[in-house]
Structures are given as C-alpha cells and as structure tokens.
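75 is the number of the first residue of the sequence shown in this note's numbering; add one for each residue after it. Single-structure report; data block below.
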Amino acid sequence: MNISLITPVYNEQENLPLLFDAIYKVMLPLNQSWEVILVDDGSRDNSLAVLKEYAQKDSVHIRVISFRRNFGQTAAIAAGLDYAQGEIIVLLDADMQNDPADIPMMLAKLDEGYDLVSGWRKYRKDNALTRNLPSMIANKIISRVTGVYLHDYGCTLKAYRRDVLEGFRLYGEMHRFIPVFADSVGAKITEMPVNHHPRKFGKTKYGLERTAKVVLDLFTVKFLVAYSSKPIYLFGGAGGILMIASAIIMFYLFVRRIFFLVAIATSPLLQMSAMFFILGFQSILMGLIAELLVRTYHESQRKPTYTVRTMINLEQDPRD
C-alpha cells in the first residue's frame, strides 16, 4: 500500500458524499495503491450508515472503523494509524473544509525529501474572533515553546512518511502536536498553503475552550520531548534554583544580623529560606527517581535512544 488517508468522522452525514467524490477525483488519477480509513467517532446522526454504504460499494479502497462512543479526534486518528497500511499517511478532516485536491501537491513535497508536509490554512474561512484569533495565538505559543515553527498546528491536513509516526502514542488532544514529536526524531518538516472552505453542512465541534486545552497540553508535550530521556535536567535544575535562592536569602539574613543587628529567628525570610531548601532538595530527589524510571522503561522494553534515517550495507538490527 502506497498511501493511506485517515479521516475522523463525527456527525458529518451531509458532508460525506462530497468527501468521497472529492477523494475519488484526486486519488484515482495517481495510479498508486491507496486506501481511506474513516473512523466514526460515535456519530449520533446517520454518518455510520453512509460509511457502510460506501464501504460495501468499494471494498478495495474504503475501510471503516466505528467507535462505541465519542472518544475524540486524537483517539480517532490513533485508531486510523494503528490500522493504516500505507507508507505515506495523509490526515484529512471530513467536514470538507480541507480540500482533498491539495493532496497531490503535498505528495510532491514529500518526494522532494521531506518527511512531513503540514497544511497552512493561510486564508482561513472561519469566524475571525472565536476561531482564527485564538488559533493564531496558540500557534505562536506552540512554535515559540517547542522550536518547531508552523503557522497552523490546528490544520488536520498533513502528509507524513510512516516511519516518523512510529515510537509514540497519541492520547488526550495530542494530535495537533504530531509535528513536534516527529521533529524530536529528526523529521524534515515543511509547510505549504492549502485551500480552506467554509463549512457547508453541520456545525463546528470546537470553541474557545479548545485554546485553553492546547496550552495545557503544551506543558505535557514540552516535557515529553525535552525531558523524557533526562528528567533530572528539569527537576534537578528547578531544585538547584530553589537551593540557590535559599542560600541567597540566608546570606542576606546573616549580613543584616552582623551589620544591622537584626534578629534572624524572628524574620519570615528564615522560614522562606528553609522552605526553598527543602523543596529544592526534594525536587532533586524526584529527578533521580525519574531517571531510574526512564532507565527501567528503556531497558525493560529495549527502547532505542536514537533513530536511524538510512543504513548502507547494513540490514540486521543490532538488538536482534
């Protein structure tokens, strides 16, 4: 299988016929083997019935996964990745705001040597106040914190080489951070403007509260990417800062006692210094415990601490 399209579906019965028509129009001329995996995320309308109808008509290209209830977009994408067989993975929304006609251009970008091509809804057709502005702010924050600079993390339309999607699991609302995880294994990432259309049928599934969730998830992603293999850098660093602050406060108290005859025991700074020292020491101990957990994780599951792009005159895995 060359290409796998993965499409989460939630209450999109009116849009699905349009989606299938657009996919066939784009994919059939490519002369490559392809599949589209549609994950029904507990739809409450007739979306599943529409999916079954198309799957019966075309058992070669159409695969359907139906959840027992609504688990969210990230879970739907994770399920699609688990069952996809293609060497190239393309994620696509079912609401027809993404345009399948952009897929060939993204595949051409992959052929230039990139591992991930991210769509950028440069001229986005959503509400400027409730959707576009919060999204722009979130994208800037994510880019600054992670060091992976993209204009549009929220655009589902992205094309990946399969190997950059291996080695991590998606949960929560982490699907938007896939480029960050891919960058952590050395993926070559580029971005290209894609078409974006107003929603014709149905209503959006997200509101302003989504931005707050993104910011909270960002803390998790930053930790997993930057400190998952060396947690002592985070906990030990924080502990060191607290202990230095404790020492500075104590030095100030002693100077004030010697030169100005101010009692140390009656100052609240003494309790603050002691608290900072204890918290710093505990933070360092937590870092050491986290280091032991990381070592146990890597060694018990034989998880590699590196990723390989290509090998020349080597075929056998050294861990076999």
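Glycine residues also receive a C-beta, built at the ideal position from the N, C-alpha and C atoms.
Rounded to whole angstroms, the separation of the alpha carbons of Ala152 and Val295 is 17 Å. Around Ile338, the same chain offers Leu327, Arg331 and Leu344 as residues with beta carbons nearer than 7 Å, after the five sequence neighbours per side are excluded. In its chain, beyond the 5 residues on either side, Asp169 and Gln171 have a beta carbon closer than 7 Å to the beta carbon of Arg273. For Ile139, the three-state secondary structure derived from DSSP is strand. As the crow flies, the alpha-carbon of Ser209 is around 7 Å from that of Gly228. C-alpha of Leu181 to C-alpha of Ala233: approximately 7 Å in a straight line. In chain order, Met75, Asn76, Ile77, Ser78, Leu79, Met101, His135 and Gly160 place their CB closer than 8 Å to the CB of Trp108, counting only its own chain and leaving out the 5 sequence neighbours on each side. About 3 Å separates the beta carbon of Ser357 from that of Gly313, a gap short enough to meet the 8 Å contact definition.
One thing to note: Phe255 has its Cβ within 8 Å of the Cβ of Val299. Counting only the Cα atoms, Tyr307 lies some 7 Å from Tyr301. For the pair Leu104 and Ile163, the CB atoms are not nearer than the 8 Å cut-off. For Lys126 against Val138, the beta-carbon gap comes to about 7 Å, under 8 Å, which counts as contact. In the DSSP assignment, Asn172 forms a beta bridge with His270. Given a length threshold of 4 residues, each whole run of the alpha helix (DSSP H) inside the region 228 to 263 is given here in chain order: 252 to 258.
Comparing C-alpha distances from Val124 to each of Ala149, Leu92 and Lys214 shows the shortest one belongs to Leu92. Assignment of beta-bridge partners to Leu190 by DSSP yields Tyr234 and Ile263. Under a 10 Å Cβ-count criterion, Tyr157 is classified as exposed, with fewer than 16 other Cβ atoms of the shown protein chains found around its own Cβ. Of Asn89, Ser341 and Ile322, the smallest CA-CA separation from Asp119 is found for Asn89. Within the model, the alpha-carbon separation for Gly241 versus Ser217 is close to 22 Å. Taking Ser117 as the centre and dropping the five residues before and after it, the same chain places the C-beta of Val83, Tyr84 and Asn85 closer than 7 Å to its C-beta, in chain order.
A Cβ-Cβ contact shorter than 8 Å links Thr230 with Asp167. Residues of the same chain with their beta carbon placed closer than 6 Å to that of Met349 are lacking, with the five preceding and five following residues left out of the count. DSSP, reduced to helix, strand and coil, places Leu327 within a helical segment of the structure shown.
Setting aside the 5 residues that flank it on each side, Met324 is surrounded in the same chain by Ser347, each with a C-beta closer than 6 Å to its C-beta; the list follows chain order.
For the pair Arg235 and Arg250, the Cα-to-Cα distance works out to about 16 Å. Under DSSP, the beta-bridge partners assigned to Ser78 are Glu109 and Ile163.
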